[in-house]
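These notes concern the structure reproduced below.
Protein chains in written order, with our numbering: chain A, 1 to 276; chain B, 1001 to 1319.
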């Protein structure tokens, strides 16, 4: 009996450790965001906000154009995800299903791209985008993000497509579908969950990217959220009460995505979306 | 010589050929369709990766200081020589290596621990999984800021805990630290933040591996009287090696590119520049594209070497 009790306790302890490890930093920022500046600068520090206030949130919207950053992040991440999914779905179908001469060579090449250091790419991309006058535009980020997500999406989709039985396609073709027709009518609907999973991973990757965004889109108008969040601090001053309110606003979309699609995200991460 | 390749086939050949082309387009052979489907991906990769990289290597041999408005000129290996003689470059390289050597094994250890804990039979698996996903999903730039606040010297929660523990256990002689005053202490904050951010991804990969280990193996070991520790070392770990290795390659490659977390920490500034930060500074702020390119080639070589070492190890494992 004591053995059982201790194992149940162990389990509780394990659960508390894992949940606290994952959730505490975000939780602490949420608590901080409701404290006034005066409360933040007192010792000993308070854990629970004494006089919860929304003033920091108002200040967060006043000091920086947060809606602009949110919109930029949403537009850039969405467009690049859609394009990336479309292009990689086509390639993945060919690589998973068709007899191709250089299949392994192409796959290796795609994996090699995923190992490429982004910083290295940033230098020439900065010059190219500068030359094309594309610095500070949606294009400057949509194009690279699309390509950066191509390897992950393609690899994930190859494994998803391989799981769809060939017989379904053959049956469709016997019934008079062309190959493209059977791809569109049979394979795409069946692979929809896989495509969706790849899409979420790609979206999170694009949403989180910082280095290219900061280097290529420095103008306020085209700044994305991770870069925008850094703009609250001055040379020496960190207004932590406002920064944490802004962080909470910025974290909400990504936490909602993870909350809604956690099964898919986990299956995506473990099936080849290997980057983090 | 026939005037047209259709000449000997009779009058309808041209029409038949056209028909065939249309048919081929509507229902192409596998190889043609395959290439057509892969083409967009290849074109995009060529434009956004292959061309820029070629460009990068070429640029690294030129003097391209856009801020001075001087004409671009070929200078051979001068950028590379300049880098080798640049103490800032060596410092950045050292910082990058420290972060890599601390956070990659650190993330593996913490990730392994988290995965073991999360693999216990819980009723509410969803909550556990969510707790593992959160650090993965948060942007690195946010994590840097969050931990900068944790380590705040006056009002940070880390120092608050240290003060409380010091009150409870005075014999430990713990003192709150001014974290962002010295490079080495800022480095501690950077590494803690990086390990927190990356260990949960490791945990998810390892957890997926753990769940594929057949229970019958443990039962057999139990019958043979193997202890839990032996079971872990002899059954669990060897079966996890493939998934851990793949995760480690990517973790190492991203650690070499560390940028966001050191960038968002208030710290002693330049002192803790990483290689990625130094490349970004030279390229975007100083507009010295030649030197930035040469530095980026170093970074590229470092990543290639890392991948190479890992791949050799993977092959060695298989053989």
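Positions of the beta carbon are idealized from the N, C-alpha and C atoms, including for glycine.
- Residue 1126 of chain B counts as exposed, since fewer than 16 other beta carbons sit within 10 angstroms of its beta carbon.
- When beta bridges are read from the DSSP output, residue 1074 of chain B appears opposite B:1062.
- Beta-bridge analysis with DSSP links residue 1288 of chain B to B:1065.
- Flagged as an interface residue toward chain A: residue 1257 of chain B, by a C-beta distance shorter than 9 Å.
- Using beta-carbon distances, residue 121 of chain A counts as an interface residue toward chain B, with a partner under 9 Å.
- Just measuring C-alpha positions, the residue of A:266, A:177, A:159, A:251 sitting nearest residue 33 of chain A is A:251.
- For residue 83 of chain A, the CB contacts under 6 Å within the same chain, skipping 5 residues up- and downstream, are 146 in chain order.
- Just measuring C-alpha positions, the residue of B:1199, B:1084, B:1270, B:1062 sitting nearest residue 1075 of chain B is B:1062.
- Distance between residue 1166 of chain B and residue 1158 of chain B, taken at the CA atoms: about 12 Å.
- Of all residues in the segment 56-68 of chain A, none has a C-beta nearer than 9 Å to a C-beta of chain B.
- Closest in C-alpha terms to residue 198 of chain A, from the list A:24, A:154, A:249, comes A:154.
- Listed by position along chain B, the residues whose Cβ is nearer than 7 Å to that of residue 221 of chain A form an empty set, because the closest Cβ is around 18 Å away.
- The closest CA to that of residue 1176 of chain B, considering only A:19, A:28, A:44, is found on A:44.
- Here the segment 131-138 of chain A makes no contact with the segment 161-168 of chain A; the two share fewer than three CB pairs at distances below 8 Å.
- Collapsing the DSSP output to three states places residue 239 of chain A in coil.
- Residues of the segment 1182-1201 of chain B whose Cβ lies closer than 8 Å to any Cβ of chain A, in chain order: 1196, 1198, 1200, 1201.
- Residue 213 of chain A carries a helical assignment under DSSP once its states are collapsed to helix, strand and coil.
- Restricting attention to B:1114, B:1104, B:1099, B:1102, the CA atom closest to the CA of residue 16 of chain A is found in B:1114.
- Under the three-state reduction of DSSP, residue 72 of chain A is assigned to helix.
- In this chain, the alpha helix (DSSP H) harbouring residue 1030 of chain B covers 1030-1045.
- Annotation for residue 1189 of chain B: the continuous alpha helix (DSSP H) segment containing it runs 1183-1210.
- Taking residue 1083 of chain B as the centre and dropping the five residues before and after it, the same chain places the C-beta of 1089, 1291, 1294, 1295, 1298 closer than 8 Å to its C-beta, in chain order.
- In this structure residue 1273 of chain B is buried. Its beta-carbon is surrounded by 16 or more other beta-carbon atoms within 10 angstroms.
- Residue nearest to residue 8 of chain A within the set B:1120, B:1099, B:1263 is B:1120 (criterion: CA-CA distance).
- The segment 1035-1052 of chain B and the segment 1259-1269 of chain B do not touch, with fewer than 3 CB-CB distances between them shorter than 8 Å.
- If only complete runs of 3 or more residues are kept, the segment 1209-1235 of chain B shows no beta strand (DSSP E) anywhere.
- Residue B:1271 holds the alpha-carbon nearest to the alpha-carbon of residue 1092 of chain B among B:1289, B:1135, B:1271.
- Your pair residue 1067 of chain B and residue 1286 of chain B checks out as a contact, with CB atoms roughly 6 Å apart and the cut at 8 Å.
- Per DSSP, the continuous alpha helix (DSSP H) segment holding residue 227 of chain A begins and ends at 225-228.
- DSSP, reduced to helix, strand and coil, places residue 1094 of chain B within a helical segment of the structure shown.
- DSSP, reduced to helix, strand and coil, places residue 63 of chain A within a helical segment of the structure shown.
- CA-to-CA, the gap between residue 1103 of chain B and residue 111 of chain A works out to about 24 Å.
- From the listed residues B:1032, B:1146, B:1109, the smallest Cα separation to residue 29 of chain A is found for B:1146.
- Listed by position along chain A, the residues whose Cβ is nearer than 9 Å to that of residue 1053 of chain B are 116, 120, 121, 124.
- Neighbours of residue 22 of chain A across chain B, judged by C-beta separation under 8 Å: 1130, 1131, 1132, 1133, 1134, 1135, 1200.
- DSSP, reduced to helix, strand and coil, places residue 183 of chain A within a helical segment of the structure shown.
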